[in-house]
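**Q** In this note's numbering, the protein residues as written are 2 to 423.
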């Protein structure tokens with residue numbers, strides 16, 4: 002135990018002498034999580050609160066087009082402006098001045114009412130509800146197209162959501178026109194309400210929580226755990242670089258002359274850098290609790306969750322330390338350890354769901370993400386933050402993180418012993 006503590010004290014002295022390195026370890030992750038959360042929260046607010054400017058060209062000037070315009074104006078998504086020149090509108094969209102333009106065709110109201118009226122008359126005539134000495138005739142009308150011009154830079158998901166919303170709105174207008182035509186035919190009182198045109202089927206969003214209090218996910222609850230993991234795993238860079246420097250400076254050679262096992266040396270490093278990762282996590286939590294509300298971001302709610310959060314952070318830190326020990330043992334120079342470590346952490350973050358949600362990845366990448374320790378840690382954090390689970394539900398993820406630490410550390414020890422065997 003004394004040798005282990007002495008090794009840890011040596012690592013502590015080395016770390017505290019590098020003020021620039023400490024600043025990178027603690028300040029850069031804080032700046033990263035603040036910047037990313039501000040960007041993502043602003044994006045969410047743009048979609049939810051700020052209205053998207055769109056242009057409408059009304060070539061119909063009828064009842065249906067007025068209904069469409071009223072629906073768009075009443076929507077919380079759009080800020081409406083009208084134009085009459087379709088070519089000018091195309092140029093505005095092409096130049097990125099607007100994201101969307103809607104072109105309502107000519108005679109839309111007239112042709113729709115005629116089409117509906119003829120269909121209703123035909124149906125009622127079939128049942129003998131109306132008397133008609135002449136055979137029923139149906140006018141062949143050309144299908145009307147509501148054109149949607151999108152900015153070429155507009156995301157595909159946005160286009161689909163807008164097209165779906167417009168389609169639902171137009172379908173509702175057509176349905177109301179059919180109800181209205183039937184009512185005019187079978188009722189002498191135009192003010193009489195025969196049909197209920199309100200939607201019968203509605204949707205309700207529910208977060209399943211097995212009776213526990215559930216939180217609505219926000220940018221803070223996603224970014225704090227994700228970028229905390231990113232910061233924790235980035236400690237493999239200073240850890241591996243320190244180990245490479247010790248090898249190049251002859252420190253490891255001197256250590257071999259003492260009765261100290263390589264496992265003890267690694268244990269001292271693990272204690273110090275695990276402590277660093279937990280301090281990083283604590284700072285991230287403080288930023289989410291106290292600084293984020295000051296910046297206008299959602300406050301991080303950790304009430305009743307702190308013990309479990311630190312349990313997850315502890316095992317995530319172990320996994321990161323194990324990876325750093327293995328890299329520091331194998332690497333022969335800083336030119337090997339630094340670029341490889343940085344790139345490998347970025348890859349683990351990418352496939353682990355830190356940048357892109359796992360469900361949005363291709364099937365192959367979804368399967369590959371299960372091999373990333375960042376994915377295990379991220380799922381464990383989400384379980385605590387959003388799913389309100391207990392310690393027993395966290396066992397699978399933290400067991401994988403612990404196993405990762407054990408495997409990487411054992412490989413590092415075996416590799417060192419074989420390489421330095423007499």
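Ideal Cβ positions, reconstructed from N, Cα and C, are used throughout, including at glycine.
#1: Can you give me the C-alpha to C-alpha distance between residue 71 and residue 144, rounded to a whole angstrom?
#2: In chain order, what residues of the same chain have a beta carbon less than 7 angstroms from the beta carbon of residue 277, not counting five sequence neighbours either side?
#3: With a threshold of 16 other CB atoms inside 10 Å of the CB of residue 227, please say whether the residue is buried or exposed.
#4: What is the residue span of the alpha helix (DSSP H) that residue 374 lies within?
#5: By DSSP, does residue 102 sit in helix, in strand, or in coil?
#6: For residue 389 and residue 266, what's the separation of their Cα atoms in angstroms?
#7: Helix, strand or coil: which one does DSSP assign to residue 56?
#8: Can you tell me the Cβ-Cβ gap for residue 225 and residue 346, rounded? I've got them flagged as a contact below 8 angstroms.
#9: Between the stretch 105 to 123 and the stretch 77 to 86, are three or more C-beta pairs nearer than 8 angstroms?
#10: Return the chain-ordered list of same chain residues with a C-beta closer than 8 angstroms to the C-beta of residue 333, the five sequence neighbours on each side being excluded.
#11: Which class does residue 88 belong to by DSSP, given the choice of helix, strand or coil?
#12: Would the stretch 374 to 381 count as touching the stretch 397 to 406 if we require 3 or more Cβ pairs under 8 angstroms?
#13: Measuring only from the beta carbon, is residue 265 closer than 8 angstroms to any heavy atom that is part of the ligand MN?
#14: Taking residue 343 as the reference, give the member of 53, 325, 392 with the closest Cα.
#15: Let me check one thing: in DSSP terms, what residues is residue 150 bridge-paired to?
#16: Do you know how far the Cα of residue 230 is from the Cα of residue 358?
#17: Can you tell me the Cα-Cα spacing of residue 329 and residue 151, whole angstroms?
#18: Around the C-beta of residue 316, are 16 or more other C-beta atoms found within 10 angstroms, so that it is buried, or is it exposed?
#19: Please classify residue 61 as buried or exposed, where buried requires at least 16 neighbouring CB atoms within 10 angstroms.
#20: Output yes or no for whether 9 angstroms exceeds the beta carbon distance between residue 174 and residue 102.
#21: Could you check how far apart the C-beta atoms of residue 221 and residue 282 are, in whole angstroms? I think they sit under 8 angstroms.
#22: Is it right to say residue 17 is buried, meaning 16 or more other beta carbons lie within 10 angstroms of its own, or is it exposed?
#23: For residue 95, count neighbouring C-beta atoms within 10 Å of its own C-beta (all shown protein chains included) and say buried if the count is 16 or more, exposed if not.
#24: Is residue 354 closer than 9 angstroms to residue 374 when the C-beta atoms are compared?
#25: For residue 316, does the three-state DSSP call read helix, strand or coil?
#26: How about residue 319 and residue 406: do their beta carbons lie closer than 9 angstroms?
#27: Residue 269 to residue 275, Cα distance in whole Å?
#28: Closest to residue 38 by CA distance: which of 298, 287, 179, 241 is it?
#29: In this structure, what does DSSP give as the bridge partners for residue 80?
#30: With H, G and I counted as helix, E and B as strand and the rest as coil, what does DSSP make of residue 410?
#31: What's the call for residue 433, buried or exposed, on a 16-neighbour Cβ count within 10 Å?
#32: Look at the alpha carbon of residue 387 and the alpha carbon of residue 167, and state the distance between them as a whole number of angstroms.
#33: Should residue 285 go down as buried or exposed, given a rule of 16 or more other Cβ atoms within 10 Å for buried?
#34: Just to confirm the assignment, what range does the alpha helix (DSSP H) spanning residue 348 have?
#35: If we call anything under 9 angstroms between Cβ atoms a contact, is residue 339 one with residue 241?
**A** Let me lay it out:
#1: Within the model, the alpha-carbon separation for residue 71 versus residue 144 is close to 23 angstroms.
#2: When the five nearest sequence neighbours on each side are left out, the beta carbons in the same chain lying within less than 7 angstroms of the beta carbon of residue 277 are those of 26, 236, in order along the chain.
#3: It is buried - the Cβ of residue 227 has at least 16 other Cβ atoms within 10 Å.
#4: Residue 374 -> alpha helix (DSSP H) spans 374 to 386.
#5: In this structure, residue 102 counts as strand in the three-state DSSP scheme.
#6: Straight through space, the alpha carbons of residue 266 and residue 389 are spaced by roughly 38 angstroms.
#7: When DSSP states are grouped into helix, strand and coil, residue 56 belongs to the strand group.
#8: Actually they are not in contact, since the Cβ atoms of residue 225 and residue 346 sit about 18 angstroms apart, beyond 8 angstroms.
#9: These segments do not touch.
#10: If you ignore the 5 residues before and after residue 333, its C-beta comes within less than 8 angstroms of the C-beta of 245, 248, all in its own chain and listed in chain order.
#11: When secondary structure is reduced to three states using DSSP, residue 88 falls in the helix class.
#12: The stretch 374 to 381 makes contact with the stretch 397 to 406, as at least three CB pairs between them are under 8 angstroms.
#13: No copy of the ligand MN appears in this structure; indeed no ligand is present at all.
#14: The residue with the shortest Cα to Cα distance from residue 343 is 325.
#15: For residue 150, which the question treats as bridged, DSSP gives the partners 102.
#16: Those two C-alpha atoms are separated by around 15 angstroms.
#17: Rounded to whole angstroms, residue 329 to residue 151 spans 52 angstroms at the Cα level.
#18: The C-beta of residue 316 has 16 or more other C-beta atoms within 10 Å across all chains shown, which makes the residue buried.
#19: Around the Cβ of residue 61, a 10 Å sphere holds 16 or more other Cβ atoms; the residue is buried.
#20: The answer is no: Cβ separation not under 9 angstroms.
#21: Their Cβ separation, rounded to whole angstroms, is 15 angstroms, which puts residue 221 and residue 282 out of contact at 8 angstroms.
#22: So residue 17 counts as exposed.
#23: Exposed, since its Cβ has fewer than 16 Cβ neighbours within 10 Å.
#24: Contact: no.
#25: Look at residue 316 here: in three-state DSSP terms it is helix.
#26: Yes, they are a contact pair.
#27: Rounded to whole angstroms, residue 269 to residue 275 spans 10 angstroms at the Cα level.
#28: Nearest option by C-alpha distance: 298.
#29: Partner(s): 54.
#30: The three-state secondary structure of residue 410, taken from DSSP, is helix.
#31: Past the boundaries of the shown model lies residue 433; the chain is included only from 2 to 423, so the question cannot be answered.
#32: Spanning the alpha carbons of residue 387 and residue 167 requires a straight line of approximately 33 angstroms.
#33: Counting of Cβ neighbours within 10 angstroms places residue 285 among the buried residues, the total reaching 16 or more.
#34: Element bounds for residue 348: 335 to 353.
#35: Yes; because the gap between Cβ atoms is below 9 angstroms, this pair is in contact.
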